[in-house]
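Counting from 4, one number per residue, gives the positions in the sequence shown under the working numbering.
The beta carbon of each residue, even a glycine, is placed where N, CA and C say it ideally should be.
Everything on this sheet refers to the single structure shown next.
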Amino acid sequence: LAEVKFGDSDVLRVGDWIVAIGNPFGLGGTVTAGIVSARSRDIRSGPYDDYIQTDASINRGNSGGPMFNLKGEVIGINTAIFSPSGGSVGIGFAIPSALAEPVINQLMEYGRTRRGWIGVRIQTLSDEIADSLDLKHKQGALVASITPGGPAEKAGLKQGDVILKFNGKPITEMREVPRIVAETPIDSEADLVIWRDGQEVKTKIHVAELEKAEEDGLVSESEGATPGSSEGSKIETLGLSVVTLDDNIRNQYGIAGNVKGLVITSVEPNSEAARKGLSAGDVVVEINQQPVASPANANDIVQRAKSNDRSSVLLLVNRAGDVQFVALKLGDDN
Numbered sequence: 004l005a006e007v008k009f010g011d012s013d014v015l016r017v018g019d020w021i022v023a024i025g026n027p028f029g030l031g032g033t034v035t036a037g038i039v040s041a042r043s044r045d046i047r048s049g050p051y052d053d054y055i056q057t058d059a060s061i062n063r064g065n066s067g068g069p070m071f072n073l074k075g076e077v078i079g080i081n082t083a084i085f086s087p088s089g090g091s092v093g094i095g096f097a098i099p100s101a102l103a104e105p106v107i108n109q110l111m112e113y114g115r116t117r118r119g120w121i122g123v124r125i126q127t128l129s130d131e132i133a134d135s136l137d138l139k140h141k142q143g144a145l146v147a148s149i150t151p152g153g154p155a156e157k158a159g160l161k162q163g164d165v166i167l168k169f170n171g172k173p174i175t176e177m178r179e180v181p182r183i184v185a186e187t188p189i190d191s192e193a194d195l196v197i198w199r200d201g202q203e204v205k206t207k208i209h210v211a212e213l214e215k216a217e218e219d220g221l222v223s224e225s226e227g228a229t230p231g232s233s234e235g236s237k238i239e240t241l242g243l244s245v246v247t248l249d250d251n252i253r254n255q256y257g258i259a260g261n262v263k264g265l266v267i268t269s270v271e272p273n274s275e276a277a278r279k280g281l282s283a284g285d286v287v288v289e290i291n292q293q294p295v296a297s298p299a300n301a302n303d304i305v306q307r308a309k310s311n312d313r314s315s316v317l318l319l320v321n322r323a324g325d326v327q328f329v330a331l332k333l334g335d336d337n
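Quick look at the structure:
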């Protein structure tokens, strides 16, 4: 078999010519040509999506075939197409060599993949969340929760921190973090720049192995909520009502004993809270990064934000163990 070499997919530009080779429909070796239509495409196939998009014909049977630059170097692995008909319509995707080559090296050395892991659950920064955190630019990844016993907890990261840089690489979008962390060498120390309390903070974090964390049960999928109905006290301007947690409320909504905060009992239709997907059974843990213990306490925090001319407040919400931040715009009192 002829040997081919990997090229550098990071230097590809939109408009560069490429050649794809595969075995479409069992016809044997087939060559098609096209250009790079786009880079860093997220087609929602997994957390590490970073595809090269091309208009070269890629059909069933092409998957796994090489994509070459005009120097004869492999800069991608043909993977998927978008097609309403099942045939090529000029929208194909390839895994970049920069993403594939480290995985291949791991398989040769260890017989399996070894991805980096730091033990955080992150979410996208919206304009409202960035505003509530005094971030001038909507860049970075918001830390929604910390895995107990994970590297992030040991490094002192907190819910509400925004990861701005990882090992010197600026984070412009949330989805960049899983790939950058996954490609970081296991057991190395990474430099972090985070946004906390209105300023940048530098720290270091140990990068552990994702597969080992999965074996140890540290990485798990969250379950859905079990909402019920109850009367509650309204949080002014947000369009929702809450009650204080007790044993009866925990049993009614299926809330774990270690969860603290206020349970949402109702959400007004067409309110900001309803538009952001909040519903009965969700637990408001914090408002503007301050723990809430009573409806009065929650109202005080919201009114204080309003008197300080804030346009939104930031809620930390626990939904059956899945913790995330939700920013709500402040309207008139209801």
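Kindly indicate which three-state DSSP category residue i falls into: helix, strand or coil?
{"i": "I46", "result": "coil"}
{"i": "R199", "result": "strand"}
{"i": "Y54", "result": "strand"}
{"i": "K74", "result": "coil"}
{"i": "K279", "result": "coil"}
{"i": "V22", "result": "strand"}
{"i": "V106", "result": "helix"}
{"i": "A36", "result": "strand"}
{"i": "I258", "result": "coil"}
{"i": "Q290", "result": "Checking the sequence shown, residue 290 turns out to be Ile, not Gln. It is a strand residue."}
{"i": "K8", "result": "coil"}
{"i": "K215", "result": "helix"}
{"i": "V17", "result": "coil"}
{"i": "A299", "result": "helix"}
{"i": "G29", "result": "helix"}
{"i": "R63", "result": "coil"}
{"i": "V222", "result": "coil"}
{"i": "D249", "result": "coil"}
{"i": "K309", "result": "helix"}
In the DSSP output, what is residue i paired with across the bridge?
{"i": "Q327", "result": "V320"}
{"i": "I84", "result": "G95"}
{"i": "A193", "result": "I208"}
{"i": "S269", "result": "S244"}
{"i": "S315", "result": "K332"}
{"i": "I238", "result": "L243"}
{"i": "A41", "result": "Q56"}
{"i": "G79", "result": "M70 and P99"}
Considering only heavy atoms of the ligand ZN, does any lie closer than 7 Å to the CB of residue i?
{"i": "V286", "result": "Ligands in the displayed structure: none, and consequently the ligand ZN is not present."}
Determine the burial state of residue i: buried for a count of at least 16 other Cβ atoms within 10 Å of its Cβ, exposed for fewer.
{"i": "I107", "result": "exposed"}
{"i": "Y113", "result": "exposed"}
{"i": "P294", "result": "exposed"}
{"i": "P298", "result": "buried"}
{"i": "W20", "result": "exposed"}
{"i": "D249", "result": "exposed"}
{"i": "P69", "result": "buried"}
{"i": "E275", "result": "buried"}
{"i": "F85", "result": "exposed"}
{"i": "V92", "result": "exposed"}
{"i": "P99", "result": "buried"}
{"i": "R118", "result": "buried"}
{"i": "D312", "result": "exposed"}
{"i": "S191", "result": "exposed"}
{"i": "E224", "result": "In this predicted model, E224 has a pLDDT of only 42, less than 50, meaning its place in the structure is not dependable; the value taken from the coordinates is given anyway. It counts as exposed."}
{"i": "D164", "result": "buried"}
{"i": "G32", "result": "exposed"}
{"i": "P181", "result": "buried"}
{"i": "N261", "result": "exposed"}
Can you list, in chain order, the residues of its chain whose CB lies under 7 Å from that of residue i, leaving out five sequence neighbours each side?
{"i": "R63", "result": "P27 and F28"}
{"i": "I327", "result": "The question names Ile, yet the displayed sequence has Gln at residue 327. Only Q126, A147 and V320 meet the Cβ criterion."}
{"i": "G227", "result": "Note that G227 scores 26 on pLDDT, short of 50, meaning its location in the model is unreliable; the coordinates nonetheless yield the value given after this. These residues qualify, in order along the chain: A323."}
{"i": "D130", "result": "K141"}
{"i": "K309", "result": "T240 and L333"}
{"i": "I132", "result": "L145, L317, F328 and A330"}
{"i": "G201", "result": "D137"}
Cutting at 8 Å between CB atoms, please list the residues of its own chain near residue i, excluding the five before and the five after it.
{"i": "L167", "result": "Q142, G143, P173, I174, V196, I197, W198 and E203"}
{"i": "G159", "result": "T206"}
{"i": "V34", "result": "V22, A23 and I24"}
{"i": "G171", "result": "D194"}
{"i": "R44", "result": "D52, D53, Y54, I55, Q56 and F96"}
{"i": "R115", "result": "Q109 and E214"}
{"i": "A259", "result": "R253 and G324"}
{"i": "A301", "result": "I238, V245, L265, V287, I290 and V295"}
Beta-carbon within less than 6 Å of residue i's beta-carbon, same chain only, minus the 5 sequence neighbours each way: which residues are those?
{"i": "I304", "result": "I290, N291 and Q293"}
{"i": "T150", "result": "G122 and L221"}
{"i": "E271", "result": "G242"}
{"i": "D285", "result": "I267, V320 and R322"}
{"i": "V184", "result": "G119 and I121"}
{"i": "S60", "result": "T35 and S91"}
{"i": "A277", "result": "V270"}
{"i": "D13", "result": "A101"}
Please check if any C-beta of chain D sits within less than 8 Å of the C-beta of residue i.
{"i": "V7", "result": "Checking the listed chains, one finds no chain D in this structure; it contains a single protein chain."}
- Could you give the uninterrupted runs of the alpha helix (DSSP H) lying entirely in the segment 111-191, keeping only those of 4 residues or more? Listed in chain order, they are 130-135, 154-157 and 179-186.
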